[in-house]
Amino acid sequence: MAEIIKHGAIHADDWEVLRLAEDDEAGKVEVAHGRWIVPLAVWQAQRDKLAARAEAGVLGVWLAGGDDPAQLADDLVRLQLIAVDFPKFADGRGYSIATLLRARLGYGGELRAIGNVLRDQFFFYIRCGFDVIQPQPGKYSAEQLQSALASLKDFSEPYQGAVDRAEPLFRRVSREVRA
Amino acid sequence: MYQYDEYDQRLVDERVAQFRDQTRRYLAGELGEDEFRPLRLQNGVYIQRHAPMLRIAIPYGNLRAAQLRKLAHIARTYDRGYAHFTTRQNVQFNWPALEDVPEILAELATVQMHAIQTSGNCIRNVTSDPFAGVAGDEHTDPRPWAELVRQWSTFHPEFAFLPRKFKIAVNGATEDRAVIQVHDIGLDLKRDEAGNIGFRVLVGGGLGRTPIIGDEIAAFVPWQHVLSYCEAILRVYNLHGRRDNLYKARIKILVKALGIEEFRRQVDAEFAHLKDGPATLTEAEVARVAQHFVDPEYAALPATDAGYEAKKAENKPFAAWAKRNVRAHKRPGYASVVLSLKPTGVAPGDITAEQLDRVAELSERYSFGEVRVTHEQNLVLADVRQSELFELWQQVRDARLSTPNIGLLTDIIACPGGDFCNLANAKSIPIANAIQARFDNLDYLHDIGEIELNISGCMNACGHHHVGHIGVLGVDKNGEEWYQVTIGGDQGNHTALGKVIGPSFAAHEMPDVVESLIGVYLELRHADERFIDTVRRVGAEPFKTRVYADRAARLEDERKVVNG
Ligand code: HEM
Ligand code: SF4
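Going down the list, the sequences are from chains A and B. Note that our numbering has the first sequence beginning at 1, numbered continuously upward. Note that our numbering has the second sequence beginning at 1, numbered continuously upward.
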């Protein structure tokens with residue numbers, strides 16, 4: 001069972017991420033029983049079939065870096081879990097996608113960072129509105145994951161607004177100039 | 001100058017702790033090479049030819065005496081006794097050990113310095129006019145705006161892993177001294193008819209492999225919205241910039257691919273959602289930041305100092321220095337002094353620990369304890385009384401910082417090139433030094449007048465060769481170092497990219513090539529015409545023709561010598 005970080009603590013987790021193989025067709029792959037996070041293409045192709053599972057909270061959708069989150073605009077009420085994939089940890093499109101889902105589209109369900117996620121980026125994920133972080137299985141030992149929790153709090157008072165704290169520092173606190 | 005408050009300080013301290021732990025995990029093997037790379041880059045640590053290179057941020061080139069002393073201390077303790085100022089107004093150390101970097105950062109934090117976002121694919125340290133606040137042609141002080149951009153961009157969570165690096169420059173004077181046309185975003189302060197401050201915004205400029213002059217994306221963005229507008233640009237870029245090809249990942253490629261109209265449409269669509277949101281600047285915040293940049297306590301002085309004028313009349317070397325290295329100041333009786341880091345034989349931009357200490361001391365004695373860094377890799381004491389210039393000159397002469405060559409042929413911009421940089425195709429520093437040595441005669445140098453010669457060791461263009469009146473680019477030909485020459489480049493209001501004059505040259509030819517170019521210029525120039533203006537008037541042809549004719553003659557001579 002995978003370990004995830006949710007709301008600042010480590011939890012065991014039984015969601016599985018469905019990744020299409022090269023010759024898989026989005027409309028044809030069978031989404032097995034259990035909790036699955038499926039690619040946007042699968043969701044779009046099989047929405048009628050999968051909607052009930054999404055509403056029951058046992059099916060989520062993941063977006064790739066090139067996906068436009070607005071494509072989920074009509075589904076946001078139905079979806080309780082959306083994940084954003086980081087194909088490489090240095091591919092930062094997911095940060096903007098998460099920001100758009102939360103701040104623009106008003107998505108309020110679980111938002112999960114999946115793929116190649118590093119503890120050194122935890123702080124940024126949280127700031128952009130992810131509430132769950134799922135490192136690659138085997139990426140961190142239990143002990144390492146425990147100590148990685150510290151990275152969630154790398155900076156206490158960032159300057160600019162983001163999803164977690166929309167107000168920039170200058171609106172949050174009074175910053176006097178001392179002579 | 002901007003002084004940290006508790007919030008600024010805490011962020012920098014927290015960064016030190018974060019990087020200390022990252023370095024520890026890397027050295028312990030917990031963090032892989034590939035994983036550590038972007039993390040260390042965002043903290044200015046390159047792995048270079050000799051050792052890691054550490055690039056330290058000097059936001060918009062502003063420094064205080066205590067900071068200079070700290071740099072001197074770091075140079076002595078952790079490096080080989082010198083530091084290197086760069087074309088992005090930053091400073092680099094070439095020889096620190098990676099193990100020491102956390103400690104160096106901790107030391108820097110004690111004087112309100114850091115290495116945040118000096119490299120990597122994030123919003124880089126913001127640059128501006130080194131004469132901000134003192135230039136006569138300034139209509140709006142760019143420093144508060146540069147500082148606001150600095151704060152907004154520091155650890156911006158959405159833009160820490162962009163397709164590629166991202167550089168923002170701010171200008172507030174009639175003459176652009178921040179080279180905003182070759183930045184990813186150029187912010188040009190403007191006032192509308194009612195006198196309200198705003199920004200003309202340029203986007204998609206840059207040098208490097210594909211040099212491009214930025215396009216205007218907005219004629220006037222009111223100041224309240226400048227950060228949200230930048231956010232809109234960055235978001236479009238982050239989502240749509242190319243990530244498949246390193247060489248096509250800069251925003252300039254996206255802007256060109258979409259066309260500026262389509263790019264503007266996308267940015268405007270994004271901005272429509274952000275406008276008037278929380279990132280909107282408030283008058284109180286702008287005023288708070290601006291308070292850090294109020295004028296120092298200037299004395300009321302006569303417009304010109306009689307003693308200074310007299311000294312210039314009687315002392316020729318002083319007059320030469322005053323002519324080249326002293327700039328007019330907006331305040332009567334004051335002047336700005338440029339300290340040349342370009343004496344012959346020194347790598348352009350290099351400074352020793354002793355010199356750093358001396359500059360700190362001189363800044364305290366003569367210029368309110370502040371120093372600026374120029375993108376031409378020199379230092380500036382911005383607020384010196386004319387009456388003290390002679391005394392100051394004697395001191396800087398002792399410190400070997402008085403070479404009277406600012407804006408002249410030997411005031412060369414050069415990247416570290418093959419002597420230090422892994423990416424180099426060729427050396428830069430020895431070429432700069434050889435040209436300096438050839439033009440060592442001061443009278444001749446002054447007669448040639450204003451000219452900018454820029455050298456890069458590879459097409460990354462760290463030495464800004466594209467915008468040099470004469471540009472020199474190191475190229476690799478079958479494993480040998482060759483140099484391609486461009487002319488007609490320019491920075492500032494008339495920013496232009498130079499054109500290649502023809503086949504490249506061997507290193508030892510470079511002083512001759514420059515001499516040929518200068519020879520043509522001296523023959524063709526009109527009175528008071530600068531090299532670049534002559535090139536513009538007559539075109540490149542006479543220059544090309546002469547350079548290659550002279551070269552053929554030289555080869556012929558060499559052959560005769562060999563055969564004779
Ligand atoms: C010593 C190690 C250095 C490395 C590895 C390095 C690396 C690079 C690279 C890869 C680029 C190309 C980016 C692009 O695609 O446009 C670049 C550009 C640049 N670098 Fe460096 N650089 C180094 C040193 C410096 C120094 C010493 C300076 C200043 C003196 C500098 C300032 C710049 C500037 C101004 C550009 C221009 C790019 C633009 O405006 O588009 N770099 N550097
Ligand atoms: S221009 Fe090339 S050689 Fe020079 S510092 Fe930049 S990357 Fe290195």
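Built from N, CA and C at the ideal position, the CB exists for glycine as well.
Below 6 Å CB to CB, which residues in the same chain sit around residue i once its five sequence neighbours on both sides are set aside?
| i | result |
| --- | --- |
| Pro-135(A) | Val-117 |
| Trp-482(B) | Val-475 and Ser-504 |
| Tyr-46(B) | Met-53 |
| Lys-248(B) | Arg-242 |
| Ile-217(B) | Val-201, Val-203 and Arg-264 |
| Tyr-2(B) | Glu-147 and His-292 |
Starting from residue i, find everything on chain D with Cβ-Cβ shorter than 9 Å and list it in chain order.
| i | result |
| --- | --- |
| Arg-104(A) | Note that chain D does not occur in the displayed structure, where the protein chains are A and B. |
Where does residue i sit, in a helix, a strand or coil, going by DSSP?
| i | result |
| --- | --- |
| Trp-482(B) | strand |
| Val-17(A) | strand |
| His-292(B) | helix |
| Trp-36(A) | strand |
| Gln-3(B) | coil |
| Asn-325(B) | helix |
| Pro-38(B) | helix |
| Gln-377(B) | coil |
| Thr-127(B) | strand |
| Leu-118(A) | coil |
| His-273(B) | helix |
| Gly-418(B) | helix |
| Asp-137(B) | coil |
| Glu-370(B) | strand |
| Phe-89(A) | coil |
| Met-113(B) | coil |
| Ile-133(A) | strand |
| Gly-307(B) | helix |
| Leu-111(A) | strand |
| Arg-265(B) | helix |
| Phe-543(B) | helix |
| Pro-69(A) | helix |
| Ser-141(A) | coil |
| Trp-95(B) | coil |
| His-526(B) | coil |
With a cut-off of 8 Å on the beta carbons, I'd call residue i and residue j a contact; round off their distance for me.
| i | j | result |
| --- | --- | --- |
| Val-338(B) | Asn-325(B) | 5 Å |
| Gly-457(B) | Asn-425(B) | 6 Å |
| Val-472(B) | Ile-455(B) | 4 Å |
| Leu-379(B) | Leu-408(B) | Rounded, the Cβ-Cβ distance is 17 Å, inconsistent with contact. |
| Gly-109(A) | Leu-79(A) | 6 Å |
| Val-349(B) | His-114(B) | Reading the sequence as shown, one finds Gly at residue 349(B) and not Val. Their Cβ separation, rounded to whole angstroms, is 20 Å, which puts Gly-349(B) and His-114(B) out of contact at 8 Å. |
| Ser-141(A) | Phe-122(A) | That belief does not hold up - the Cβ atoms of Ser-141(A) and Phe-122(A) are roughly 16 Å apart, past 8 Å. |
Going by CA-CA distance only, name the one from the options that's closest to residue i.
| i | options | result |
| --- | --- | --- |
| Gly-34(A) | Asp-23(A), Ser-174(A) and Gly-57(A) | Gly-57(A) |
| Trp-95(B) | His-50(B), Gln-355(B), Thr-210(B) and Val-149(B) | His-50(B) |
| Asn-62(B) | Phe-368(B), Gly-418(B), Ala-437(B) and Thr-77(B) | Phe-368(B) |
| Asp-13(A) | Ser-147(A), Tyr-159(A), Arg-112(A) and Asp-154(A) | Arg-112(A) |
| Ala-322(B) | Val-371(B), Leu-246(B), Ser-363(B) and Ser-402(B) | Ser-402(B) |
| Glu-147(B) | Ala-414(B), Cys-421(B), Leu-281(B) and Pro-511(B) | Leu-281(B) |
| Met-510(B) | Leu-453(B), Met-459(B), Asp-533(B) and Glu-361(B) | Leu-453(B) |
| Pro-222(B) | Glu-193(B), Pro-102(B), Tyr-78(B) and Glu-556(B) | Glu-193(B) |
| Lys-167(B) | Gly-208(B), His-139(B) and Ala-135(B) | Gly-208(B) |
| Asp-5(B) | Thr-77(B), Ala-109(B) and Val-16(B) | Ala-109(B) |
| Leu-239(B) | Leu-152(A), Tyr-95(A), Pro-137(A) and Arg-171(A) | Tyr-95(A) |
| Arg-551(B) | Asp-100(B), Pro-130(B), Val-513(B) and Phe-318(B) | Val-513(B) |
| Asp-137(B) | Pro-157(B), Gln-151(B), Leu-105(B) and Asn-171(B) | Asn-171(B) |
Ignore the nearest five residues each way along the sequence and tell me which others in residue i's own chain have a CB closer than 8 Å to its CB.
| i | result |
| --- | --- |
| Leu-105(A) | Pro-69, Ala-70, Leu-72, Ala-73 and Leu-76 |
| Arg-19(A) | Pro-39 |
| Leu-162(B) | Asn-121, Cys-122, Ile-123, Leu-234, Tyr-237, Asn-238 and Gly-241 |
| Ala-51(A) | Arg-78 |
Below 7 Å CB to CB, which residues in the same chain sit around residue i once its five sequence neighbours on both sides are set aside?
| i | result |
| --- | --- |
| Ile-233(B) | Ile-185, Val-203 and Val-267 |
| Tyr-548(B) | Gly-502 |
| Val-111(B) | Ala-66, Gln-67 and Lys-70 |
| Pro-296(B) | Phe-368 and Asp-383 |
Just checking residue i against ligand 4 - is the residue's beta carbon closer than 6 Å to any of the ligand's heavy atoms?
| i | result |
| --- | --- |
| Pro-416(B) | This structure lacks ligand 4; its bound ligands are ligand 1 and ligand 2. |
Relative to chain B, which residues along the segment 153-169 of chain A have a C-beta separation below 8 Å, given in chain order? Asp-154, Phe-155, Ser-156, Glu-157, Pro-158, Tyr-159, Gln-160, Gly-161, Ala-162, Ala-166, Glu-167, Pro-168 and Leu-169
Which residues of the segment 152-168 of chain B have a Cβ closer than 9 Å to any Cβ of chain A? Give them in chain order. Trp-152, Ser-153, Thr-154, Phe-155, His-156, Pro-157, Glu-158, Phe-159, Ala-160, Phe-161, Leu-162 and Pro-163
Counting only Cβ-Cβ distances shorter than 9 Å, please list the residues of the segment 121-133 of chain A near chain B, keeping chain order. Gln-121, Phe-123, Phe-124, Tyr-125, Ile-126, Arg-127 and Cys-128
What are the residues in the segment 232-254 of chain B lying within 8 Å of chain A by C-beta distance? Arg-235, Asn-238, Leu-239 and Arg-243
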